[in-house]
Amino acid sequence: MNSVPLTRLFELMQAGVYSGCLAVITDEVPTEEMISSLSGKARQHYRTVNLWNLSSEGSLNAFPVDAELILVFGLERQLPDSPVTYQARTKLDVRRNSGLFSMICLDEASFRCHFSNSEEPFYNFCDSIYQKSISDWI
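The following block contains the structure:
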């Protein structure tokens, strides 16, 4: 499977090819260091970029929602029916409907857990692509 260059992916998102929210499925669990490096690359294409670490303690209410791009990670630490999962899904839906962009970075097992069950909040929520490793982009 061919990898999409990161610059091209950002162009496709901004052109509306993706729904405004994109799940990036990798072979590895994304770390905060990887996502921070990815945000540096994203800042070359978006005016404002913020990170949402869903594995950290605390409420999503503390996370800024008005950035042009949000990079989300840590979903693997949440159960599909947890309050944090539902809150993240709601906030991402509002962002998408406001013309803002989001990327959810997660491993394959987490994608299957959160996006493949029709009873879970992220089922068919957004487009997805496979990227062997986020490190390939950074």
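Residue numbers (the working numbering): 27 to 164.
For glycine and all other residues, C-beta sits at the position ideal for the given N, C-alpha and C.
When the Cα atoms are used, what is the spatial distance from residue i to residue j?
i	j	result
residue 51	residue 159	9 Å
residue 117	residue 63	24 Å
residue 125	residue 71	15 Å
residue 35	residue 121	19 Å
residue 45	residue 147	16 Å
residue 97	residue 144	24 Å
residue 59	residue 135	20 Å
residue 53	residue 128	20 Å
residue 132	residue 32	16 Å
Using alpha carbons as the reference points, say which of the options lies closest to residue i.
i	options	result
residue 78	100, 59, 155 and 70	100
residue 56	69, 80 and 153	80
residue 151	123, 69 and 47	47
What residues are listed by DSSP as bridge partners for residue i?
i	result
residue 129	48 and 97
residue 75	95
residue 153	48
Buried or exposed: residue i, going by 16 or more other Cβ atoms within 10 Å of its Cβ?
i	result
residue 106	buried
residue 43	exposed
residue 115	buried
residue 41	exposed
residue 82	exposed
residue 65	buried
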